[in-house]
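Participant: According to mature numbering (1 follows the signal peptide of the UniProt record, and there is no 0), the sequence shown holds residues -20 to -1, 1 to 279 in order.
Where a beta carbon is used, it is the ideal one built from N, C-alpha and C, also for glycine.
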Amino acid sequence: MKKIILLLMALGCFFTTANASKWKAEHVVMIGIDGWGAYSVPKADIPTIKQLMDSGCYTLKKRSVLPSESAINWASMFNGAGTEMHGYTTWGSRTPEIPSMVVNERGIFPTIYSLMYEQCPQAETGCMFEWEGIKYLVDTLAISHVAQAMGYNEQPDQLCCMAETYIKEKKPNFVAVCFDQLDHVGHVDGHDTPAYYRMLNTLDGYVARIIAALKDAGIYDDTIIILTSDHGGINKGHGGITLAEMEIPFIIAGKNVKQGGAFQETMMQFDTASTIACIFGLKQPQAWIGRPMTQVFSK
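(1) Please determine, among E227, E144 and W71, the residue with the shortest C-alpha to C-alpha distance to W54.
(2) On the CB-based measure, 16 or more other CB atoms within 10 Å of its CB, does P174 come out buried or exposed?
(3) Excluding the 5 residues flanking G270 on each side, which residues of the same chain have their C-beta closer than 6 Å to its C-beta?
(4) Relative to the C-alpha of R74, which candidate in Q102, G113 and R86 has its C-alpha closest?
(5) Indicate whether L194 and I147 have their beta-carbon atoms separated by less than 9 Å.
(6) Leaving aside the five residues before and after L262 along the sequence, list all residues of the same chain whose C-beta is less than 6 Å from its C-beta, in chain order.
(7) Please report the straight-line C-alpha distance between V155 and E144, rounded to a whole angstrom.
(8) Any chance you could list the alpha helix (DSSP H) runs of at least 4 consecutive residues sitting entirely within the segment 84 to 115, in chain order?
(9) Report the start-end ranges of each beta strand (DSSP E) in the segment 109 to 165 that is 3 residues or longer and not cut off at the edges.
(10) Can you give the Cα-Cα distance for L139 and C158, rounded to whole angstroms?
(11) Return the bridge partner residues of F230 from the DSSP annotation.
(12) Roughly how many whole angstroms lie between the Cα atoms of W111 and Q244?
(13) So the candidates are A188, H218 and R43; which of them puts its Cα closest to the Cα of I26?
(14) Taking the CB atoms as reference points, tell me whether S56 and S44 lie closer together than 9 Å.
(15) Smallest Cα separation from I78: which of I92, G62 and E85?
(16) Between M247 and the rest of its own chain, which residues show a CB-CB distance below 8 Å, the 5 nearest in sequence each way excluded?
(17) Using the Cβ count rule (16 or more neighbours within 10 Å means buried), how would you classify P76?
(18) Report all residues from its chain with a CB closer than 8 Å to the CB of M(-20); omit the five preceding and five following residues, and keep chain order.
(19) Locate the beta strand (DSSP E) running through H218, then write down its first and last residues.
Take a look at the structure:
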């Protein structure tokens, strides 16, 4: 029995190593900022984020799927398909209102986490968030570490602290860190207001701290960083068909990413999952309609 266990462990290490040899980077950190409209980027005091834009590639014209609301777009971001296919149709969907066209063995439309779990089972993956709704969209049973910042109203940097600790302790292969605070400001004070830009500046500081944690963990040079959003907004709302609500940033920088600046190719919300799958050499399921942004990579 002991020999069989050792053999299985060895095979697991072999398959992990074989899969990793296809990867463009050993680690991917995706930082999601809820309610971050692309219109704000040129005006915002976000030096860390703008440094990532200068050192990598980006578009300020990635479009959300419709309706341009939270659950719908976080789902599309993680699962490579649009509303009509995954079935989440409202801002706070917890289960698909329309039956998903396909589901995996855990009963959920296949997500990027599902692919990592099935094709790279030894990989360390994490999903960390402030808004509770995220956990209903990501196939939590396929993720190594799922955590919500429960008290961020009292401790605004709680999620950032949690991400720093997780990165230093576990050196995850893929982690998504999803901040909700900008969306709250958009609803209370309004989009494109001084309060909105103050919060963006605060979030830029959190991005800087996460980058510092990657360096402290010794994995920064083998990491790709992605920053993006679910939707933008106008006045104190979102969900409509204006470009201020639908156009969102996508920024990517790090190992094997070109210093290419703005790219002109079109990008949709569901292309995010496909681009992450491309980094890890994952086979995309037939149900996904996303396309990887291969033009951003140097190899």
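Facilitator: Well, looking at it:
(1) By alpha-carbon distance to W54, the top candidate from E227, E144 and W71 is W71.
(2) exposed
(3) G60, F250, D251, A253 and S254
(4) G113
(5) yes
(6) L95 and Q99
(7) Cα-Cα distance, rounded: 11 Å.
(8) 92 to 99
(9) Runs of the beta strand (DSSP E) lying entirely within the segment 109 to 165 and spanning at least 3 residues, in chain order: 125 to 128 and 154 to 159.
(10) Their backbone Cα atoms lie some 8 Å apart in a straight line.
(11) T39 and T208
(12) 32 Å
(13) A188
(14) yes
(15) G62
(16) Take M247, set aside five residues on each side of it, and the residues of its chain with a beta-carbon closer than 8 Å to its own are T39, K41, K42, R43, F230 and M273, in chain order.
(17) buried
(18) Note that M(-20) has pLDDT 45, beneath the 50 cutoff, so the model's placement of it is unreliable and no number is given.
(19) H218 -> no beta strand (DSSP E), and no H or E assigned at all.
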